[in-house]
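In this text, residue positions in the sequence shown follow the numbering used here: the first is 1, and each later residue adds one. Glycine included, every Cβ here is placed at the ideal spot set by N, Cα and C. Step one of this worksheet: look at the structure below.
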Amino acid sequence: MACSAVALSVATVSAVVALTCTSIAFGTDNWYEVRVNPDGNERLASLQEFESDLRYYSRDEGIFRICFPDKRPKGVQTYISKMDETTYGKIGCCAIQAIRNRRSHSNIIATGLLQLLAGLVVASAIGLWHAIPHYEYEKLNFPEMSFSRWPEVLQIYSRSYYGWSYVLAWLGVALTLSSSFMFLCGAQCLRKEKQKEKTQGTAYLVPIYAGPYHCPYSY
């Protein structure tokens, strides 16, 4: 199998998987998970702000929403969030099909550069997601949300970690960058293959000149 075919096939599959991972990651809310140990509920319930402060409840923090898997504090409105990943998948498949229908060196180079730009944009968005809570909690009006300023009893009975949505987002970034690399490699392979075909095609165009041995001699 040709080098360009392998590279473009791997790049296409990586792009589809990256699009799926990124769509699911940005559509779900399991980026940062905080779990409060139920064993400490009795001690935490004695605090005055227990029922209305979200810090005392297990929660999943996403980019746009905060979800409470068990109980929720008083005064917090709830709603059902619906997500349709098939729309993202259809858009990605249409874009990749358009690329395959116009299989040229320049189009593949443009696709690789767009994939690179997309990966950098998503990585920058994740970095911004890290920076905004830090700036908001430390510099603005919500210093109590910083873990270092939580009540000591709450720090003992709670734990926090990054969730599977966060992992999927970085996996999507890695696959997008690898897809960009494979598209650029495929474009280079395709260019070399076309040059090789031209060289082989001109090798058989050898001019033949008539000589005296092609026709009988006349005396």
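Spell out the partners DSSP gives residue i in its beta bridges.
i: Y32; result: E61 and Y162
i: I221; result: With the chain running from 1 to 219 in the structure shown, residue 221 is simply not present.
For residue i, count neighbouring C-beta atoms within 10 Å of its own C-beta (all shown protein chains included) and say buried if the count is 16 or more, exposed if not.
i: T176; result: buried
i: S9; result: exposed
i: Y135; result: exposed
i: T199; result: exposed
i: E152; result: exposed
i: G127; result: exposed
i: A131; result: exposed
i: I108; result: buried
i: A23; result: The sequence as given places Ser at residue 23; Ala does not occur at that position. Counting Cβ neighbours within 10 Å, S23 comes out buried, since at least 16 surround it.
i: Q155; result: exposed
i: L117; result: exposed
Check this for me: beta carbons of residue i and residue j, under 7 Å apart or not?
i: G172; j: C3; result: no
i: G112; j: L184; result: yes
i: G119; j: A11; result: no
i: Y56; j: F68; result: no
i: S158; j: V36; result: yes
i: M182; j: A5; result: no
i: A25; j: A169; result: yes
i: S14; j: S165; result: no
Next on the checklist: Three Cβ pairs or more, each shorter than 8 Å: is that satisfied between the stretch 190-202 and the stretch 113-127?
Outcome noted: no
Checklist entry - Would you say the stretch 21-32 touches the stretch 55-69, given that touching needs at least three Cβ pairs under 8 Å? => result yes
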